[in-house]
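In my numbering, the protein residues as written are -18 to 177. Report on the following structure.
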Ligand code: HQG
């Protein structure tokens, strides 16, 4: 294999491990026979054992690299680096201890065009996750929406929601979180979104 080929293979391996890490830390710690504590933490050693082969734990340096290189800052270690957790995106019940904060006046949500009709009727709901995820930038919302084919971006009147008493949280990696967004605060934004 060429050096470039070996690099690509290594990156693909790391991506695979990162996906399994996300699955364990956000959705199914039971898949490695473990549990998260209330705040979503799990012992690093448990993760290394769980993501490695039997009798051959994952190398700690590999986990450190995945956390450090993650483009979205999805994971964090505790200060002593004994425990690890996902910063947001959970479907299992955790209390991340985030304080409610005032949002910017406008936030964005990217979604699939095929979901729009239902969203117009019932607003944004957390679906499988704890919260509805919103972004401060259109570009991020657009990328998130594009994961599921033809996409649309919705503009959220976060200022009005805040004035009306909705609580907003901001995860350690900059994702805005809210329980739900009723339809009256949503406007369809940008080109590939058609009314009706
Ligand atoms: C849609 C990724 C029908 C919602 C991303 C979304 C993000 C509705 C899907 C993070 C609906 C849920 C979260 C309704 C919402 N009717 N569809 N009433 N309300 N939806 O994956 O926001 O890579 O749970 O629009 O970057 O897409 O995992 O949420 O399309 O930050 O770190 O239901 O996941 O981050 O899908 O993505 P998701 P999301 P990670």
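Even glycine gets a Cβ: it sits at the ideal position worked out from N, Cα and C.
Contacts around residue 166, its chain only, beta-carbon distance under 8 Å, and the 5 residues preceding and following it disregarded:
104, 137, 138, 139, 141, 142
Taking the Cβ atom as the reference point for each residue, do residue 90 and residue 115 lie within a distance shorter than 8 Å?
yes
Is residue 58 close to the ligand HQG? I mean its beta-carbon at under 7 Å from any heavy atom of the ligand.
no
Shorter than 7 Å, the distance from the beta carbon of residue 105 to the closest heavy atom of the ligand HQG, or not?
yes
Nearer than 7 Å: is that true of the beta carbon of residue 53 relative to any heavy atom of the ligand HQG?
yes
Can you confirm whether the segment 25 to 43 touches the segment 73 to 90 when touching is taken to mean that 3 or more C-beta pairs between the two stretches lie within less than 8 Å?
no
Considering only residues of the same chain and omitting the five flanking positions on each side of residue 7, which have a CB-CB separation below 6 Å?
67, 70, 71
So, with DSSP's three-state summary, where would you put residue 80?
coil
Just the Cα atoms here: how many angstroms apart are residue 55 and residue 96?
26 Å
Give every residue of the same chain whose Cβ lies closer than 8 Å to the Cβ of residue 112, excluding the five residues on either side of it in the sequence, and list them in chain order.
69, 150, 158, 159, 160
Measure the alpha-carbon distance for residue 51 versus residue 99 and round it to whole angstroms.
33 Å
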